[in-house]
Structure formats: structure tokens, C-alpha cells
Amino acid sequence: MGESIAQQRGPFARRLQEYATSIELALSEQQVNQLLDYLELFEKWNKAYNLSAIRDAEGMFTKHLLDSLSIAPHLTGERFIDVGTGGGLPGIPMAICFPQRHFTLLDSAGKKVRFLFQVKQALGLNNVDTQNRRVETFQPQPQFDGVISRAFASITDMLTWCNHLIHDDGRFWAMKGVMPNSELSELPKKYIVKASHALHVPNLEGERCLIELALAQESNSKA
């Protein structure tokens with residue numbers, strides 16, 4: 001059995017600040033502590049709730065926490081929804097990094113949402129809302145500035161299922177591995193790719209990218 005998050009907290013805190021600096025993300029000592037507190041809760045609850053197949057501390061730190069932070073420089077807007085959030089990735093790290101922005105975390109699995117509510121309470125995240133429901137049944141008022149997905153379905157499925165969640169000027173952000181060219185070639189015509197961002201995460205093998213999509217301007221309605 002390897003060392004726990006708590007046993008590696010000092011080195012993880014230093015690496016967290018180094019990575020944040022490299023992507024020009026300002027983190028206070030309190031935010032670093034909150035991020036590591038979240039990871040400790042994730043590690044604890046994962047044993048009973050199966051939040052992730054990744055069980056080792058290094059894997060959780062790199063593949064979950066740093067990977068989630070990698071999108072921070074690219075998000076624009078004030079109100080976001082993380083669909084299929086699972087154990088709160090990337091929604092919880094983003095909520096910690098941006099306390100003035102609001103994040104709704106949605107998942108259909110009740111046990112995962114119970115974990116997220118516990119995190120919200122334990123860390124005092126007043127900018128987080130949890131929703132235990134299927135995405136197609138959720139009708140937000142007002143609509144969001146952005147939809148974020150990490151390893152959630154195909155891009156076309158994300159656009160189809162989440163179309164009603166954002167306003168006409170909103171954005172979809174899809175976290176992917178290698179550039180999903182085949183998925184993008186099947187993009188519905190009313191959507192366009194605004195940008196593709198290469199994501200760089202230390203000690204994480206394989207490519208990572210963030211695809212930013214929007215409603216084509218000539219489409220005046222999402223109907």
C-alpha cells in the first residue's frame with residue numbers, strides 16, 4: 001500500500017503551486033489547502049463509493065487534480081455546469097480556484113452527489129450547487145454561460161443532451177485525450193469549434209486537449 005494523500009501533503013502542496021504558476025493561475029495558501037482537503041476526502045470516500053478506479057495518491061493528484069486544473073486558463077463566463085461530474089472533476093477544483101464564479105455539479109448517481117454535498121459542506125463552497133438527476137431532465141433558470149464535460153460521452157452527444165442548458169452565447173468545453181477529429185467531423189452544422197487548447201499536465205502520459213464549442217452565429221435559435 002502506497003502513501004496516502006495526507007502523508008504526501010507537503011510535496012503535493014509545492015507541486016500544486018508550481019503547476020499553478022506555470023499556467024498563470026493564482027492560488028492562495030487557503031486554496032491549495034482546500035484542493036488537498038478535497039483530494040483527501042476523495043481518497044477516503046473512494047474506498048466505499050467507487051468514485052474512481054484510480055486508487056493511488058500520485059495517480060489521484062496527477063490524473064484527477066492537476067488534469068482538472070489544466071483547463072482553468074481557458075474558461076470564460078460566470079456560471080457553469082459540470083455534467084456527469086462523478087466525484088466532482090473538474091467542477092470542485094474549478095469552484096475552489098474561482099470562488100466568485102458559480103458551479104453546478106450534475107450527476108445521475110446518487111452516491112456520487114452525496115459525496116459532492118459532503119465536500120461542499122466540509123470545504124464551505126458556497127459557489128457550488130449539486131444536482132442528482134439526468135441532464136435531459138434538468139431545466140436551469142437562468143441558463144448557464146458554459147457546460148463542462150470530462151470523459152462524458154461523445155461531443156455530439158454532449159451538444160445534443162446539454163443544448164438546453166446554456167444561453168445562445170454560451171460555450172461548451174469538452175475535455176478529451178487526443179484530438180477527437182472523427183467526433184469533430186460529425187459535428188452538427190449549427191455548432192462550431194471556437195478553439196482547441198492543448199493541455200499540459202506534468203507526469204501525465206498521453207495527449208490532453210480542451211475543445212471549445214459554440215452555437216454558430218447564423219443560428220439564431222437552438223431549437
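Numbering-wise (UniProt numbering), the sequence shown opens with residue 1 and increments by one.
Don't be surprised by glycine CBs; every beta carbon is placed ideally from N, CA and C.
Predicted model, so just to flag it, every value in this text is computed and none were measured.
Put simply, the region 143 to 156 touches the region 170 to 186. At least three CB pairs are less than 8 Å apart. By the C-beta criterion, the region 160 to 169 is judged to be in contact with the region 138 to 147, since at least 3 inter-stretch pairs fall below 8 Å. Per DSSP, reduced to three states, the secondary structure at Ile192 is strand. Of the candidates Ala198, Gly110, Ile155, Ile155 places its Cα closest to the Cα of Ser182.
With 16 or more other Cβ atoms from the protein chains shown falling within 10 Å of its own Cβ, Ala20 counts as buried.
Using a 10 angstroms sphere on the CB of Ser28, the tally of other CB atoms stays under 16, which defines it as exposed. Nearest C-alpha to Asp129 among Thr137, Glu136, Arg114: Arg114. The beta carbons of Gln34 and Leu123 sit closer together than 7 Å. In the DSSP assignment, Ala20 falls within the alpha helix (DSSP H) that extends over 9 to 22.
Nearest neighbour of Glu40 by Cα position, chosen from Gly84, Leu69, Phe61, turns out to be Phe61.
If you draw a straight line from the Cα of Asn46 to the Cα of Lys189, it comes to about 40 Å. In this structure, the straight-line span from the alpha carbon of Arg101 to that of Ala153 is close to 25 Å.
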